[in-house]
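Visitor:
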Amino acid sequence: MEIPRHISIIMDGNGRWAKKQGKMRLFGHNAGRESVRACTEYCAEIGVGYLSLFAFSEENWGRPADEVAGLMDLLGRCLLEERDTLLKNNVRFRVIGDRARLSASLLKGVESLEKETASNSGLTLIIMLSYSGKWDILQAARRYASDCLEAGEALPLDETGFSGYLATAGVPDPDLLIRTSGEQRISNYMLWQCAYTEFYYTPVLWPDFRKTDLEQALQSYNLRERRYGKVE
């Protein structure tokens, strides 16, 4: 079986899962932690280089204040509680997104865990936090424009060069993008990076997503021919 270098997952369905249990939405987000753990362990086991998880979008800041606060608190607790597991399993941890919107305490926890795991050489686990594809492209364009102003001229730019301005610079584009809960849209996620990504949609709600579901996604991925617009 061909193992993707980079798997990305849009973790969708936490709220609907919680509603089915007669619980608040935050209950579903907390339950989704076991799915994160299961996917991380399996990806590390089979040799996936990068696993990115769309945890919180720029648009999610518009959700009810109590839900946003609860999610940020949950993320902060996860950093502390999963620290030893990440270190033990040689997993490198990263967060990609607009850090300016994060609280000082959460940002401190993120930076601390990134620093502690920076030398780990196994799976790179990326949490996409306060992220959106349009935001990423816009901030990349601004950074390029700033460099041009500093240089006093329009600098040469191609696709590779522009990718270097993205928040995901240095991370290979996703080979496989999985979205749970049955929704079939990209939701403003890694718009530039997913130009040739294989998409896989599953009706399974995120808190129920486990190793067997990831295996099914990989089986589907291995049945596809990736020609990148070319003809064999």
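Read in order, the letters of the sequence shown correspond to residues 946 to 1177 in my numbering. Yeah, the Cβ is synthetic: ideal placement off N, Cα and C, and Gly gets one too. Computed from a prediction, not measured in an experiment: that's the story for all the values here.
With distances taken between CB atoms, is the gap from Leu-1111 to Leu-996 smaller than 8 Å?
Guide: In the sequence shown, the residue the question calls residue 1111 occupies position 166. In the sequence shown, the residue the question calls residue 996 occupies position 51. No, they are not a contact pair.
Visitor: Which residue from Tyr-1141, Phe-1107, Thr-1125, Gln-1129 puts its Cα closest to that of Arg-1172?
Guide: Within the sequence shown, numbered from 1, the residue matching residue 1172 stands at position 227. Per the Cα distances, Tyr-1141.
Visitor: For Leu-1032, which option in Gly-1007, Ile-1041, Glu-1170, Ser-1066 has the closest C-alpha, if you only look at C-alpha atoms?
Guide: Counting from 1 along the sequence shown, the entry for residue 1032 is found at position 87. Nearest of Gly-1007, Ile-1041, Glu-1170, Ser-1066 to Leu-1032, Cα basis: Ser-1066.
Visitor: When DSSP builds the beta bridges, which residues end up paired with Met-1073?
Guide: To locate residue 1073, count along the sequence shown from 1; it is residue 128. In the DSSP output, where bridge partners are listed per residue, Met-1073 has Phe-999, Ile-1041.
Visitor: What are the boundary residues of the beta strand (DSSP E) that Ile-954 is part of?
Guide: Taking the first residue of the sequence shown as position 1, residue 954 is located at position 9. Where Ile-954 is concerned, the enclosing beta strand (DSSP E) stretches over 951–955.
Visitor: What residue range does the beta strand (DSSP E) around Tyr-1146 cover?
Guide: Numbered from its first residue, the sequence shown carries residue 1146 at position 201. Note, Tyr-1146: beta strand (DSSP E), 1143–1146.
Visitor: Taking all protein chains shown into account, do 16 or more other C-beta atoms lie within 10 angstroms of the C-beta of Leu-1020, making it buried, or fewer, making it exposed?
Guide: As a working note, residue 1020 is residue 75 in the sequence shown. With 16 or more Cβ atoms within 10 Å of its Cβ, Leu-1020 is classed as buried.
Visitor: Is Ser-1048 buried or exposed, if buried means 16 or more other CB atoms sit within 10 Å of its CB?
Guide: By one-based count along the sequence shown, residue 1048 stands at place 103. Classification for Ser-1048: exposed.
Visitor: Kindly indicate which residue of Thr-1030, Asp-1081, Arg-1008, Gly-992 has the alpha-carbon position closest to the one of Leu-1136.
Guide: As a working note, residue 1136 is residue 191 in the sequence shown. Out of Thr-1030, Asp-1081, Arg-1008, Gly-992, Asp-1081 has the C-alpha closest to the C-alpha of Leu-1136.
Visitor: What number of angstroms, rounded off, separates the C-alpha of Asp-1018 from the C-alpha of Leu-971?
Guide: Looking up residue 1018 in the sequence shown gives position 73. Looking up residue 971 in the sequence shown gives position 26. The straight-line gap from Cα to Cα measures roughly 11 Å.
Visitor: Cα separation between Arg-1039 and Leu-998?
Guide: On the sequence shown, position 94 is the one that residue 1039 refers to. On the sequence shown, position 53 is the one that residue 998 refers to. Going by the C-alpha atoms only, they are around 11 Å apart.
Visitor: Using the C-alpha atoms, what's the distance from Ile-1072 back to Phe-1154?
Guide: Here residue 1154 refers to the residue found at position 209 of the sequence shown. Here residue 1072 refers to the residue found at position 127 of the sequence shown. Going by the C-alpha atoms only, they are around 17 Å apart.
Visitor: So, for Ser-953: in the same chain, excluding its five sequence neighbours on each side, which residues have a beta-carbon less than 6 Å away from its beta-carbon?
Guide: Taking the sequence shown and counting its residues from 1, the one referred to as residue 953 is at position 8. So the list reads Ser-997, Pro-1119, Leu-1122, once near-sequence residues are dropped.
Visitor: Just reading off the alpha helix (DSSP H) that Ile-1082 is part of, what are its end residues?
Guide: In the sequence shown, counting from the first residue as 1, residue 1082 sits at position 137. For Ile-1082, the uninterrupted alpha helix (DSSP H) run begins and ends at 1078–1096, by DSSP.
Visitor: Comparing C-alpha positions only, which one of Pro-1009, Gln-1138, Lys-968, Asp-1029 sits nearest to Val-1116?
Guide: For the purposes of this step, residue 1116 is taken as the residue at position 171 of the sequence shown. With distances taken between Cα atoms, Val-1116 lies closest to Gln-1138.
Visitor: Taking its Cβ as the centre, do 16 or more other Cβ atoms sit within 10 Å of Leu-1016, making it buried, or is it exposed?
Guide: Taking the first residue of the sequence shown as position 1, residue 1016 is located at position 71. Under this definition Leu-1016 is a buried residue.
Visitor: When you compare each of Val-981, Tyr-1166, Tyr-1076, Gln-1161 to Trp-1151 by their alpha carbons, which one comes out closest?
Guide: Counting from 1 along the sequence shown, the entry for residue 1151 is found at position 206. Among Val-981, Tyr-1166, Tyr-1076, Gln-1161, the Cα nearest to that of Trp-1151 belongs to Val-981.
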